[in-house]
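Single-structure report; data block below.
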Amino acid sequence: MKKSKVVLAAGVLGAAAIIMKKKLGNETVTKHLIPRHWDEQEIKERLQDFTQKLAAGEEEVLESFVLGKEGKHFTPLKGQELTFLTARFMSLYKIKGDSRNNLRGVVTYRVATPKKEYTYLLQVARLADGEKLDWYIQKIIQQDHGIKYPNQYLLQLTPVRPNEELCQIETDAGTITLRVFQQDAPKAVKNWRGLAKQGFYDGTPFARVIKDFVIQGGALDGSGEEAQSIYGGYFEDEVDEGLYHFDGAVCFGNHGPNTNGNQFYIVERNHVDQEQLYRMNLPLKVRSHYEAVGGIPELDGRYTVFGQVIEGMPVVRAIASQMTDEKDAPLEPIMIQKISFKKASQN
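And the structure:
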């Protein structure tokens, strides 16, 4: 019986790979490698082929690409309309053993249906099947249940509506105009509007600036005023409502979960860290916008985004470009003169 099982499996995977498959549970790492462009191309093409055959519902697709019983994780996607998004090595390494069967890696693989995007973290093995070398999915390290695409337009990407309330931050360097998102961050916007109308920010500096990161204002001096808000103290986060740290996003700083007060920052980065972006589990539309305009996706889910700069990014960049000390404090801080509100034009 054992011999028959090997012969049947060899028709799919190859006898040499079968031998390696039996040893995959006891592997010793001997060397870590930096993935090269040909490694990335190999895994991309292999998982593109896997996606295509999975969508076609081909009978032996799971056995042809996935070792052991790990194929069960992909069964719900079989026969669906699928779009390959990305496959990228997170790590690449060698194990002790046959030089034709000793390459392993950890790969992030993303695929989408018309309604959801799925992310898998895969352990993969390159195995010999006769003269041919192919990558196989060895183990599912992590997976999600699919992120639904937003049904509504992303608010930060929609045009300004006639009579929409806009906020103007007048500074020594010029005026920054932003829109605020009352419906998705109501507590944060109410706090921002209330403090601004009380004059809380008038005459205060952008006290922390980091080029290609953020400019930050509010109570940053450790005086205890960090908790001051219209709610009488810290208030909760609003971080899961479809607002993102795109370039120009306006957000509340905090000291940990649900410690919003009056500290705020404006994102100043017109590019994106691709390595961080690939680690994020984001809908394609969001990731594409990050790639187009820049931002800091690694801050998503930790800080409340409540606004977006629509005019005055050159002012933000000028503030971010100041000379600072070792604590990122400007040597000659730019001050906030006044924060006011106005209605957008009807034209």
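Residue 120 in UniProt numbering sits at position 120 of the sequence shown, with consecutive numbering throughout. For glycine and all other residues, C-beta sits at the position ideal for the given N, C-alpha and C.
Contact check, P88 vs V107 under 8 Å by CB: the rounded distance? The question names Pro, yet the displayed sequence has Arg at residue 88. Between R88 and V107 the beta-carbon gap is near 7 Å, inside 8 Å, which marks them as a contact.
For G130, is the classification buried or exposed, using 16 other Cβ atoms within 10 angstroms of its Cβ as the cut-off for buried? exposed
Reference N26; option with closest CA among I169, I336, T51 and Q138: Q138
Excluding the 5 residues preceding and the 5 following K264 in the sequence, name in chain order all residues of the same chain whose CB lies nearer than 8 Å to its CB. First, the residue type needs correcting, since residue 264 is Phe and not Lys in the sequence shown. The beta carbon of F264 sits closer than 8 Å to the beta carbons of W192, Q216, G217, G218, V250, C251, F252 and G253 from its chain, once the five residues preceding and following it are set aside; these are given in chain order.
Is DSSP giving P283 helix, strand or coil here? Coil at P283, not helix or strand.
K21 versus I296: straight-line alpha-carbon distance, rounded: In this prediction, K21 scores a pLDDT of 47, lower than 50, which makes its location untrustworthy; the coordinate-derived value is nonetheless stated afterwards. Going from the Cα of K21 to the Cα of I296 covers about 41 Å.
Candidates P114, V214, V180 and V66, of which the one nearest W135 by Cα: Nearest C-alpha to W135: V66.
Buried or exposed for H289, going by 16 or more other Cβ atoms inside 10 Å? buried
Starting from A318, follow the alpha helix (DSSP H) in both directions and report where the run begins and ends. M313 to A320
Closest to G233 by C-alpha separation, out of V214, F213, N258 and Y244, would be which residue? For G233, the nearest C-alpha among the options comes from N258.
What's the gap between the Cα of A188 and the Cα of N163? 21 Å
On the DSSP bridge assignment, give the partners of E236 in chain order. Partner(s): none; E236 has no beta bridge.
Taking buried to mean at least 16 other C-beta atoms within 10 Å of its own C-beta, is P330 buried or exposed? buried
Strand pairing of A87, partner residues [DSSP]: Answer by DSSP bridge pairing, in chain order: Y109.
Cβ-Cβ separation, T171 to I34 (assumed contact under 8 Å), whole Å: Incorrect: roughly 44 Å between the Cβ atoms, too far for contact.
Ignoring anything shorter than 4 residues or poking outside the region 49 to 102, list the alpha helix (DSSP H) runs there in chain order. Listed in chain order, they are 61 to 65.
Are L127 and N101 touching if we call contact CB-CB under 7 Å? Yes, the pair counts as a contact, with Cβ atoms nearer than the cut-off.
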